[in-house]
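Per this note's numbering: the sequence shown = residues 1 to 491.
Just below is one structure, and these are the notes that go with it.
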Amino acid sequence: MTAPELPHEILSLFAKSVSEIYSTVWVQSPSESDSVFIGRDSEPRKKVGLTQEQLDEITTGPQPWRQARRAAIRHIFYWVAVPHWLEDRTRERQSPDRNSEQHSYDNPLRRENDEAFSTGVQALFEYLSSPSWAERSALLTLSVVLQAEKVHTTDMKVEPGTGLIELNKLPLAWYTGTLRSGTTLKPVSCVRAVEFPRVYATANGEQNMISLPAQVRILSACGDCDALVEANLFGSYYMGNQISLLTQKRNDTAKVLHLLPKRIQTLHLEWCDEISPHVFEQRTQPQYQLAVRSDALSRALHSVSMQLCELYIVQLDMTSDFFRLSKDEHQSTVLWPHLETLRLTFNPTATPTGQPLIYEYWPDGEDGGAMPLTSWQQPGPKRLEYVENGDSSFSIVPGFFDDLYASAGYAAQKMPKITSLLLSWEEGDTQDLELKCRGNKWVLELYSFYGYSPCQEVLDAWQIPEGKMKKRLRVLETEFDSWPPSPLGRE
C-alpha cells in the first residue's frame, strides 16, 4: 500500500509526529563550556541542544526549507548555564573559627551563578527581540530552566563556611537563579506562554530552580504579546529555615508582582516552603510575625487580583490584608470586577502575633492543661488513644480565622462574577471555607476538624441571617438565591 492510499487518520498521525520533531527546539545559553559533568569521576557529556548561532544557521536564509524550519517552531526549551550546582540540602553553616570563613549567602559561588544566569537570560531576550522572531505570525511557548555545568562531581566547589550537615541541623537554602540588580530584558512580542519546569540531573535529583522575582521579570518582558493571559509561578521547594530568608522571599516577591503583564487573567502561584519543626519554633518569633493588615506580600497579591479572572495560590500563608476589607471598610470602592475563581491553600502554624493556632487539652493527663500542637507534630499512639476515648480535646485560636473569614466575606460581596471561592487550611484536612455554585443556588460551606464556629462578624460579613446555617457533622452550610446576596455587592 502506497502512502497516498493510507487512510487520512494514519497520514495525520504521521504528519503530527513529524511536525512535533521540528516544533520544539532545545537552545543553550552562551557559555565557555559545551559540556556538563554529572556524578563523581564522570566523563564530560556534550550539552543537549543548539546554540543560538546553530539555530540561526539552520533556520535563517532565503531557502524555503530554512524558512519552513523557523515557521514550524512553537516551543523553545532554554537551558541557562550556571557554573555551580550548590549541594545545599546536605550542607549547613559551620561555626566560624580562626581557620574558617563565616558563611554568607552573598558569596562568590552564588554571585558567579547570578552573573551567568543574568547574562544567559539577557541573551535570550536579545535574540527573541530580533525582527526574524518578532515578525513571525506563529507564537512561541518558552520554557526556562537552569543547567549547572558541574553536578555532584569530586572537584565540585562548596560554599565557604559550610560543612556536611549533621542530624537535626538546619540545611542551607537552595540556590535559585536570580537576576542581578540593573539587569534589563528586552521586551518581546512572540511569546504566548512561559513555563519554569522542574528538571532532574542524573546523579542528584532536581536541578536548582529560578527565583520568583526572576520568574516575574521574565514574564514581564513577554508582556507585549496579547495571547499571554496565564502565569504559572513556582517557589523553591526548599528555602532553608532561616527566618531572615523566609521573610526576604516574601518581601522580594511582593516588590515585583506589579510587573506582571496587565493582560494576565489567570495566575497560579505555588509557594512551596518546606516546613520542619525548627521552622515552627522560629515562626513564632517577632521577626517572622505577619502583622495583621500589614503584610506586603498579601497587599501585593490583593492589587494583582483586581485584574484577574482566576487566582490559585498554594502553600502560602496569607493574612486578611489580602482582602483589605473590614466592617468599617465594606462600602469602599474596592471591586474585583472580573474574578470568577479564587482558591487559596495555606498552612499557618501561628497567628500573626506568634501564638500557636492549635492547642491540645489534657484535663486529667500527665501533661496537664494545654499545650501547642503543630501540623508537623503527629500524635503518638498514646495521644491517639486519648483522643479516641475522649480524654483529650483539640481547639484552635479562633481570632485569626474570624479576622480572615470576615474580611473574605466583605470582599466576596465585591466579586459579582465569583463562582468558586475557597480558603483551605492544610488542603482541606483541617478547615475549609468554600463558596460555590450548586444548580441555581450559591452555597457557603464551612468545614472544621477542630470545631471552629464563626463569630457574629463573620456571619454579618457573609450576609447570613441568624439561624440560617445548617449543621451536619463538622460542616456548617447555608444557601443564597443570588450572589452577591444583597444590593451592597451590586452597587
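The C-beta atom is built at its ideal place from N, Cα and C for all residues, glycine as well.
DSSP, read as helix, strand or coil, puts T119 in helix. Short of 6 Å from the beta carbon of T141, and not among the five residues preceding or following it, lie these beta carbons of its own chain, in chain order: H75 and A193.
An exposed status is given to V48, since fewer than 16 other beta-carbon atoms sit within 10 Å of its beta-carbon. According to DSSP, residue pairing for G451 in a beta bridge does not occur.
Between D224 and V188, the C-beta spacing is below 8 Å.
Between the region 99-117 and the region 68-82, the count of C-beta pairs closer than 8 Å reaches three or more; the two stretches touch. Within its own chain, the residues whose Cβ lies closer than 6 Å to the Cβ of E477, once the five positions on either side in sequence are excluded, are E445 and K470, listed in chain order.
Within the same chain, L139 and R192 come within 6 Å of A227 by CB-CB distance, once the 5 residues on both sides are set aside. Taking W483 as the centre and dropping the five residues before and after it, the same chain places the C-beta of I418 and W442 closer than 7 Å to its C-beta, in chain order.
When beta bridges are read from the DSSP output, V145 appears opposite W79.
The three-state secondary structure of L423, taken from DSSP, is strand. With a 10 Å radius around the Cβ and a threshold of 16 neighbouring Cβ atoms, C437 comes out exposed. Pairing A71 with A134, the inter-Cα distance amounts to about 12 Å.
Within its own chain, the residues whose Cβ lies closer than 6 Å to the Cβ of L311, once the five positions on either side in sequence are excluded, are L267, S305 and L342, listed in chain order. For I218, the enclosing alpha helix (DSSP H) stretches over residues L212 to A221. One alpha carbon belongs to T59, the other to P213, and they sit about 33 Å apart. Collapsing the DSSP output to three states places G409 in a helix. In this structure, the CA atom of D295 is about 17 Å from the CA atom of T345. Separation of L339 and I313 (C-alpha to C-alpha, rounded to the nearest whole angstrom) is 14 Å. The beta carbon of N251 is closer than 8 Å to those of A296 and L297 in its chain, skipping five residues each way along the sequence. For I313, the enclosing beta strand (DSSP E) covers residues E310 to V314.
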